[in-house]
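For the record, in the sequence shown the residue sitting at position 17 is 18 according to the numbering used here, with numbers rising by one throughout.
Ideal Cβ placement from N, Cα and C applies to all residues, glycine included.
This report concerns only the one structure given below.
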Amino acid sequence: MSTTSDSPHDSRDASPFPPEILRDVAKRRTFAIISHPDAGKTTLTEKLLLFGGAIQLAGTVKGRK
Numbered sequence: 002m003s004t005t006s007d008s009p010h011d012s013r014d015a016s017p018f019p020p021e022i023l024r025d026v027a028k029r030r031t032f033a034i035i036s037h038p039d040a041g042k043t044t045l046t047e048k049l050l051l052f053g054g055a056i057q058l059a060g061t062v063k064g065r066k
């Protein structure tokens with residue numbers, strides 16, 4: 002039994018997305034912040050966003066009310 006593919010194109014290389022998008026997606030990481038009320042979740046989130054460059058000013062993360 003052969004492990005090579007007979008097709009000229011490898012299915013792993015066929016992507017409908019540009020390489021820039023694939024590179025950006027590969028850099029993403031997802032995590033959850035779970036804790037009791039008033040434990041500093043928003044403060045921690047703001048600091049992570051601020052130091053990561055996603056926001057320019059801490060205090061800009063608002064609730065959905």
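Report the option in Arg30, Ile34, Glu21 whose CA atom is closest to the CA atom of Thr46. Cα-wise, what sits closest to Thr46 is Ile34.
For the alpha helix (DSSP H) holding Asp76, just list the boundary residues, first then last. Nothing can be reported for residue 76: it is not among the residues displayed for the chain, which extend from 2 to 66.
For a test of the three-state rule: what should DSSP assign to Thr44, helix, strand or coil? Assigned with DSSP and collapsed to three states, Thr44 falls in helix.
Do Ala59 and Leu51 come within 8 Å of each other at the CB atom, strictly closer than that value? Result yes, Cβ atoms of Leu51 and Ala59 sit closer than 8 Å.
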